[in-house]
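Report on the following structure.
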Amino acid sequence: MARRILIDPVTRIEGHAKITIHLDDTGNVSDARFHVVEFRGFEKFCEGRPMWEMPSITPRICGICPVSHLLASAKACDAILAVRIPAAAEQLRRLMNLAQIVQSHALSFFHLSAPDFLLGWDTPPATRNLFGLLQTHPDLARSGIRLRQFGQEIIGWLGGRKIHPAWAVPGGVREPLPEEGRRHILQNLPEALDTTRQAITLFRDALRTHEREMQVFGKFPSLFLGLANDSGAWEHYDGFLRVVDAGGNVIADRIRVDRYRDVIAEAVQPDSYLKSPYYRPMGFPQGIYRVGPLARLNLCKTMGTPLATQELERFRDYGPGTVTSSFLYHYARLIEILACLEHIQTMIPHPDLLSHHLRADAGINKLEGVGASEAPRGTLFHHYHVDQNGLIQKVNLIIATGQNNLAMNRTVAQIARHYIQGNTIPEPMINRVEAGIRAYDPCLSCSTHADGSLALQIALVAPDGTVLDQIHR
Amino acid sequence: MAAKTLTIDGQMISAEENQTVLQAARDHDIPIPTLCHLEGVADVGACRLCLVEIAGTPKLLPACVTRVAEGMVVTTNSERLRNYRRMILELLFAERNHPCAVCVSNGHCELQALAMNHGMDHVRFEYRHPRLELDLSHRLFGMDHNRCILCSRCVRVCWTIEGAGTKSVAGRGAASRIVTDLNQPWGESTTCTACGKCVQSCPTGALFYKGATVGEMQRDRDKLEYIVTAREKQQWIV
């Protein structure tokens, strides 16, 4: 008899989700679905608010990557003011985004995912977490926490607080980097670089024993979408949209972010609050694409810095054309931390960071604006319509995690097919399915505008729809 | 001018005969919380936060509009008063929409500061969540009715300091609204001089400079008192 396995809630991710695995009459996996069961509604309740409040309201979507929303929102507002922000403000916004990518990636790697591949898939769930890691790898766990702290502190120096700083505003930013903050960053950069290089070595070693995970955790051809700069190098704040196929061929390039609708369309699934964006020219669901660290590394020519570019070359050995295994999101994430730290190192001596010419002043000059930036998890779009007084009429948010929705579903199905057979659900199997999702570092509270705390559930369902077995966490 | 002697919180003080209990208390550094009171304009006793106990009367009286009297015994801080004040604050928060975290006045708001000082860690009343509009039609200023507590400071500064008479209160009870001229968009007002005194007077984030972002509205209320003193006493004290 065919059955359904339900994993509810999915743990060590940001947000609430569940996974359903459908089995056929012979006990083989016929399909698997990743459902996001939360709804936030930011797009709706922002209607009617003054545009100037948006860079403060929208970061409240998330406590992990509020800076992404802060920047995309401020950029959408810049577009409505029709101003070019002061050069110093752009540098400072870039600095904050780099710091955020460092802290968010460090959280994903050290706090959420490392317990899986460092402690082992089959360790009991009670110890397979950061606390378990602190017991077996205390130095690594501690330095991972400190790396995240390094990123958070830069955000704090710039914005006055580490989470939800009201700092980027329409037309620029409020405050420069204080001299004390600059000294602090310079002092702590070497340790952050060391930690990252050690983590890269460690992960490369771990890959030798994770050949099967590389093959099974979301290894399939897809498109990759992200920002690239004028010269085709890695970009996180500005630049153009670029799409490459699995063979590494650039199939769309230099797309202005306000033309995102030329390349992105959104499908809605009945069983999830997460929309499923796809590459418009190829249609749904063939237009499946991935965003985030893996995509950004697959589509850029260089990382723009020496050490990270050197590491990018090693990364490319994992695939002809592009690296298509989602397990290697982790590797891409570490390389991005390295690139961010190197970029920060290059920026820090620049006198612009201490400038006080930071804010362009203007009224409502356009009734529509799009802002995009690379969030840690992928390309983020904020699209606003306003009336002539600046009151928000319509909001569209396209979130990185949503763009990975189709790929996450495919990953879950691939892992389930490989590991599930028969009537019982062994816990290590559940963890592998969850780890497939964790590779994407999804932020469900962001993508569905849903209340966020960690949770996942797995269910086993018969073809007639009856739930045969369920595991709740 | 004759002096009156009275007792406030056990302290014997003397006050001028036309002074209010609030003025007398403040002259002697005895704090009484206020919200609708604003130096430079007449008091209306609207917010009831300055209620005090006066011996011999069972009623609580607003200190801002109660004159001092010889031998008066006033209590400004008792369990009963603290409970009432906290309840008033909770009712103000429940009446309209006050999400401090994303408000232009966050950190510089009199309502927020009072709530913190009175230990208002939650609201016991059901929030009404009314759907209220914003008026951003003025070139320089904005009005968000969600954050208005109907203290009428803006109305009083507009009529008595600026003399323009643009702002008024329309409606009754909880349905009252601050309106501009004959309830038209602020930007179309023919009487508004765009002086900004109403914005300076606002205790919350209801009135703000257009373009202000979270926590950026800091007001200079001393300017209002400065103008009144200059006009009435011919003294220019900065």
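These protein sequences, in sequence, are chains A and B.
Each residue of the first sequence is one higher than the one before, counting from 1 in this note's numbering.
Each residue of the second sequence is one higher than the one before, counting from 1 in this note's numbering.
We put the CB at the ideal spot given by N, CA and C, even for glycine.
Please read all numbers here as calculations on a predicted model, not as lab measurements.
Contacts with chain B at 8 Å (Cβ-Cβ) include A/G390. Ranked by Cα distance from A/Q388, the first of A/P170, A/M51 and A/A400 is A/M51. With contacts defined by Cβ atoms closer than 8 Å, A/T302 and A/A228 do not form a contacting pair.
Under the three-state reduction of DSSP output, A/Q345 falls in the helix class.
Using a Cβ-Cβ cut-off of 7 Å, B/L92 is close to nothing in chain A; its nearest Cβ partner there is about 21 Å away. The three-state secondary structure of A/N28, taken from DSSP, is coil. Using a CB distance cut-off of 8 Å, B/S105 does not count as an interface residue toward chain A. Taking 8 Å as the CB threshold, A/I64 stays off the interface with chain B. For B/L60, the secondary structure class from DSSP, reduced to helix, strand or coil, is strand.
Measuring C-alpha to C-alpha distances from B/C198 to each of B/L49, B/I227 and B/C158 identifies B/C158 as the nearest. With a threshold of 16 other beta carbon atoms within 10 Å, B/I237 falls short and is exposed. A/P50 has A/L391 as its beta-bridge partners, per DSSP. Under the 8 Å criterion on CB atoms, A/W52 is classed as interfacial with respect to chain B.
In this structure B/K4 is buried. Its beta-carbon is surrounded by 16 or more other beta-carbon atoms within 10 angstroms.
Taking C-beta atoms under 8 Å as the contact rule, B/R153 and B/C103 fail to qualify, at a distance of about 17 Å. At a beta-carbon threshold of 7 Å, the residues of chain B lying near A/V169 are T213, ordered along the chain. Shown here, A/P277 sits in a strand according to DSSP, grouped into three states. Within chain B, no C-beta atom comes less than 9 Å from the C-beta of A/I155; the nearest is roughly 16 Å away. Short of 6 Å from the beta carbon of A/G159, and not among the five residues preceding or following it, lie these beta carbons of its own chain, in chain order: P165 and W167. Using a Cβ distance threshold of 8 Å, A/R290 and A/V263 do not count as a contacting pair. Classified as exposed, B/R124 has fewer than 16 neighbouring CB atoms from the shown chains inside 10 Å of its CB.
In the three-state reduction of the DSSP assignment, A/Q100 falls in the helix class, which pools H, G and I.
Against B/G142, the close residues of chain A are P50, in the order they occur along the chain (beta-carbon pairs closer than 7 Å).
A direct Cα-to-Cα measurement between A/N298 and A/T127 gives close to 35 Å.
Identification of chain B residues near A/P86 by a Cβ-Cβ cut-off of 7 Å yields none; the smallest Cβ-Cβ distance measures about 16 Å. One alpha carbon belongs to A/I101, the other to A/T401, and they sit about 15 Å apart. Residue state for A/H69 is assigned as helix, using DSSP reduced to three classes. Three or more Cβ pairs closer than 8 Å define a contact, and the segment 350-368 of chain A falls short of that threshold against the segment 330-340 of chain A. Cβ-Cβ separation between A/L147 and A/A106: approximately 4 Å, consistent with a contact (criterion under 8 Å). Straight across, the Cα-Cα distance linking A/T346 with A/G319 is about 30 Å.
Residues of the segment 187-208 of chain A whose Cβ lies closer than 8 Å to any Cβ of chain B: none.
Taking one beta carbon from each stretch, the segment 195-209 of chain A and the segment 143-157 of chain A have 3 or more pairs nearer than 8 Å; the two touch.
At least one beta carbon of chain B lies nearer than 8 Å to the beta carbon of A/P55. Per DSSP, the continuous beta strand (DSSP E) segment holding A/R242 begins and ends at F240 to V244. Less than 8 Å divides the Cβ of A/G151 from the Cβ of A/Q103. In this chain, A/H184 is not harboured by any beta strand (DSSP E); it is covered by the alpha helix (DSSP H) spanning E179 to R208.
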